[in-house]
Structure formats: structure tokens, C-alpha cells
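Data first, discussion second: the structure below is written as C-alpha cells.
Numbering (the UniProt record's numbering), first residue to last: 1 to 462.
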């Protein structure tokens with residue numbers, strides 16, 4: 001099925017090309033499958049034959065299809081048709097992209113409302129940095145990041161996350177994936193396998209496999225990653241999201257955390273702790289980070305994407321001392337990937353103790369949105385859906401208790417005017433038959449939640 005919007009700013013041929021390209025990349029269009037003739041597809045979509053021909057020519061020029069004389073067009077055989085965790089979603093549907101045409105409500109994962117960013121404070125701090133720190137803006141920064149920001153992060157991490165470290169152990173990067181890429185560089189001569197949760201963050205899985213690691217998937221239950229199952233595989237490290245497991249939203253229990261640390265000592269292995277959405281707990285206080293229990297065995301990753309803005313591109317990691325020294329030697333000629341014009345205002349934001357007030361405001365707003373979403377789901381779906389991950393974060397995991405694929409649910413929702421994300425955001429060894437959807441509420445206005453959920457019910461149950 002191809003969904004073309006006549007009122008879109010994108011030409012119809014480009015919409016068709018993008019959707020066909022996505023279907024080829026994610027394997028929905030099999031290798032060597034014959035494409036419908038331009039005449040037939042034009043009639044089915046009620047568009048001109050020239051539009052279809054132009055889309056086919058673009059696919060042909062990029063090598064996605066091949067033409068056979070007097071026969072038609074066929075899908076090219078690609079070496080890997082599961083190239084990306086995001087391949088099956090058209091580019092406009094990805095988090096962080098502009099809103100697609102025809103979409104009325106946006107439940108996409110990771111998006112935030114403009115109302116949550118402290119624009120006035122950030123503008124003041126940026127102007128202050130431009131006046132007082134102008135000499136620093138003409139130099140390259142330390143590969144680990146600005147010393148002043150790293151020192152503020154030491155205090156922030158100790159106060160809010162019970163992380164024990166020095167400024168020399170902190171590395172500032174332009175996102176969680178760059179952190180994982182640095183870890184890949186650091187471990188690839190020492191490790192052959194990095195285990196991770198099942199289901200788990202697809203982009204992390206891609207980052208590890210791209211560096212040549214084997215990635216055994218370890219099941220997650222109500223207490224977190226199953227350490228008994230982890231002990232049955234060979235791995236020199238494990239990637240976990242204990243504060244808010246992605247995508248289920250479960251919190252790793254203290255018993256399971258201690259078992260995981262025991263595994264790390266027994267196997268002389270490392271734990272890669274992604275402290276994802278650590279602050280956004282609505283009903284109880286956040287649990288301390290796992291790193292504080294075993295600083296020499298844990299690589300800690302944090303980010304400001306969900307509490308400030310994804311577009312700032314500020315994340316950081318805390319390495320055990322020996323690993324930090326080793327990475328510094330490997331990257332001595334590098335510079336930090338985060339611009340100074342971002343680092344310095346963030347340093348002052350933390351220095352002036354503005355973070356606490358900002359966090360309180362966020363929690364109040366996001367809790368209202370979460371509560372509104374849960375009420376709307378109960379009213380419009382009742383027991384036809386199963387909801388999990390409600391106590392933390394900026395999304396919930398929704399499973400429709402019917403044998404409908406995640407891809408089909410995403411397509412139906414888009415047709416009804418609601419943007420959602422499906423299971424393309426995580427990897428899973430044995431996905432169930434019932435489709436699961438992430439509903440992100442970070443960018444949703446309270447008054448929009450109920451009508452948006454009503455549209456989802458009409459799209460999925462009627």
C-alpha cells in the first residue's frame with residue numbers, strides 16, 4: 001500500500017519513490033520481485049503514468065531496481081535488506097523530522113514540545129558566554145569536552161544519580177550513539193561479544209554490530225535483564241537500560257542489579273549502563289544509577305536529550321579510570337564533537353543551579369500528559385490493549401490484543417492523521433503476533449491527547 005498526499009509539498013513521484021525505497025530496504029518487496037507496470041500502478045493510485053515512470057527512473061538510477069527488456073522492472077538483490085532499524089519508516093516519520101503532511105497529531109517517540117525548553121534562560125546564558133568566554137571560541141576543545149562543564153557534571157551526577165567519578169573520567173559527546181561508537185573503538189581489541197536486552201534499543205544493536213561484535217540478546221522480565229540467561233552466553237560486556245528499560249519501561253530491581261554486578265566481577269566483564277530517562281519518574285523517586293555500586297565495572301552513559309532538547313546533541317559517558325586513560329591515548333589528536341557554543345551555556349546552566357527548577361517543571365507537565373493519555377486509552381480502548389512502562393519516561397508501550405502487525409498499525413494511524421512509531425525502534429529475538437506501538441507524549445498538548453486517541457481507536461478497531 002502506498003499513501004500519497006496530493007497537498008504535500010513533496011511531488012507525488014518523490015513520495016512514491018521514498019515509500020518504494022523503504023519497502024525494498026526493509027525486505028517488504030522481495031529481491032527479484034516484479035514491480036507492477038507503470039500503467040497499472042498509476043490506475044491503482046489515481047495518478048499519472050508519468051509520475052510512476054519518474055519514481056521508477058529514480059529507483060533505477062540509484063540501483064534499487066533493474067529493468068529487463070520487454071519484461072519490466074524488478075527489485076535488485078541487495079546484500080542486506082535490513083540495513084537500518086529505521087528503514088521501514090519514511091524519513092519524515094522519524095523522530096526529530098518535520099511533521100509529515102496529513103498528520104494532525106504527533107505521538108512519535110522522542111519529540112518534545114517547544115514549551116518545555118528554557119529559551120529565555122538559554123538565550124541569556126549564551127549571550128553571557130559570548131561576552132565573557134570569547135577567547136575560548138577561537139580554540140579547539142579537549143577531546144573529552146570543556147573542563148568547566150565536566151567539573152559541573154561531576155557535581156550534577158553525584159547529586160542526582162549517585163555516580164562516583166572525577167572530571168577526567170567524563171567524556172562529552174554529541175549523542176548516545178557516539179558514546180557507543182567510542183566504546184566500540186575502545187573494546188574491539190579486547191572483546192568479541194557485547195550482550196544486550198531483548199527487546200532492546202535497535203540503534204545500540206546496530207552500533208555494536210557495525211564494529212563487528214556479536215550481540216547475543218538476553219531476555220527481560222519484570223525485574224530487568226535475566227542474569228541467569230546472561231551467564232549462559234559468552235560476552236565480555238553487556239548493554240543495559242536499568243532506569244527505564246527500552247522499550248518496555250521496566251525498572252531493574254536492586255536484586256537484579258547486584259546479580260549483574262556479580263556477573264561482571266565473575267566474568268571480568270563490563271556493564272554499559274545507558275541511564276536513559278533516569279529523571280523522568282512520576283510516582284516514586286528515581287533509583288540511583290548502577291554505576292555508584294561498582295564504578296570500576298560500569299561505563300555510564302547519560303544524555304540531556306529528553307530533559308533539554310534532542311537537537312542540542314549533548315550526551316556524556318563516565319569511563320572507569322583505566323579505560324578513560326586508554327581512550328585518551330587513542331584519541332589524543334581529536335577534538336570534542338560538541339560545539340563550545342553548546343557546552344558553555346550548559347556549564348552555566350548547571351553552575352547557576354537552574355537544572356532543579358527546570359526538572360520540577362518538566363515532571364509536572366509530563367505527568368499531566370501521561371495521566372491524560374492513560375485516561376484516554378482506558379476510555380476509548382478499555383481491555384482491548386495492554387499498556388506498559390507507565391511510571392517513567394516520555395512514552396508508553398501499547399500492545400493491541402489482536403493479531404495485527406506493528407507496521408500495519410503505523411500505516412493505519414498515519415492514514416487517520418496520527419503519527420506513531422512501531423517496532424522498528426527495537427530489536428527482538430521472538431516478537432509476538434500482536435503489534436506493539438510506542439506512544440510518545442512529550443510533544444502532545446493535553447487537549448490534543450483525547451481526540452488523537454479517539455482517532456487511533458477508529459483506525460485500529462473499526
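Built from N, CA and C at the ideal position, the CB exists for glycine as well. Computed from a predicted model, the values in this text were never measured in an experiment.
With C-beta atoms as the reference, is residue 289 less than 8 Å away from residue 300?
Result yes, Cβ atoms of residue 289 and residue 300 sit closer than 8 Å.
Extent of the continuous alpha helix (DSSP H) to which residue 316 belongs
Per DSSP, residue 316 belongs to no alpha helix (DSSP H); it is in the beta strand (DSSP E), 315–318.
Using the three-state DSSP reduction, which class does residue 219 fall into: helix, strand or coil?
strand
Could you check which residue in 35, 42, 39 has the C-alpha nearest to that of residue 59?
35
DSSP beta-bridge partners of residue 46:
Its beta-bridge partners do not exist; DSSP assigns none.
Cα separation between residue 231 and residue 151?
37 Å
Which one or two residues does DSSP pair with residue 105 in a beta bridge?
418, per the DSSP bridge assignment.
Cβ neighbours of residue 21 in the same chain (closer than 7 Å, five flanking residues each side left out)
59, 64
Rounded Cβ spacing between residue 409 and residue 435 (contact assumed at less than 8 Å):
Contact between residue 409 and residue 435 holds: their C-beta atoms lie close to 5 Å from each other, under 8 Å.
Continuous beta strand (DSSP E) stretch holding residue 196: start and end:
194–198
Taking only heavy atoms of the ligand MG into account, decide whether any of them is closer than 7 Å to the Cβ of residue 6.
This structure lacks the ligand MG; in fact it carries no ligand of any kind.
The beta strand (DSSP E) enclosing residue 388, as first and last residue numbers:
For residue 388, the enclosing beta strand (DSSP E) stretches over residues 385–388.
If I measure Cβ to Cβ from residue 334 and keep anything under 8 Å in the same chain, skipping five residues before and after, which residues do I get?
143
Just confirm the distance between the C-beta atoms of residue 146 and residue 343, as a whole number of angstroms; I'd bet it's less than 8 Å.
5 Å
Is the separation between the beta-carbon of residue 261 and that of residue 315 shorter than 8 Å?
no
Once you ignore the five residues that flank residue 312 on each side, which residues in its own chain have a CB closer than 8 Å to its CB?
304, 305, 342, 346
Considering residue 237, what are the terminal residues of the beta strand (DSSP E) in which it resides?
237–240
Please state whether the Cβ-Cβ distance between residue 207 and residue 184 is less than 8 Å.
yes
Reduced DSSP category for residue 68 - H, G, I as helix; E, B as strand; rest coil:
strand
Exposure label - residue 441; buried when at least 16 CB within 10 Å
Label assigned to residue 441: buried.
In whole angstroms, what is the alpha-carbon distance linking residue 339 and residue 69?
Across the structure, residue 339 and residue 69 are spaced so that their CA atoms are roughly 53 Å apart.
Whether or not the region 270–286 and the region 359–369 are in contact is what I'm after, with contact meaning three or more pairs of Cβ atoms, one per stretch, closer than 8 Å; do they touch?
yes
Measure from the alpha carbon of residue 229 to the alpha carbon of each residue in 222, 240, 217, 5, then state which is nearest.
It is 217 whose Cα lies nearest to the Cα of residue 229.
Output the distance between the C-alpha atoms of residue 354 and residue 401, rounded to the nearest integer angstrom.
44 Å
Run through the region 316–381 for me and flag every whole alpha helix (DSSP H) of 4 or more residues, listed as ranges in chain order.
Counting whole runs of 4 or more residues, the region 316–381 contains the alpha helix (DSSP H) stretches 321–330, 340–351, 355–381.
Give a yes or no on whether the C-beta atoms belonging to residue 105 and residue 417 are separated by under 8 Å.
yes
Quick check on DSSP: helix, strand or coil for residue 285?
coil
Cut-off 8 Å between Cβ atoms - residues of its own chain near residue 444, not counting five sequence neighbours on either side:
105, 106, 107, 113, 369, 373, 452
Taking DSSP as the reference, what is the three-state secondary structure of residue 73?
strand
What's the C-alpha gap between residue 43 and residue 239?
Rounded to the nearest angstrom, the two C-alpha atoms are 50 Å apart.
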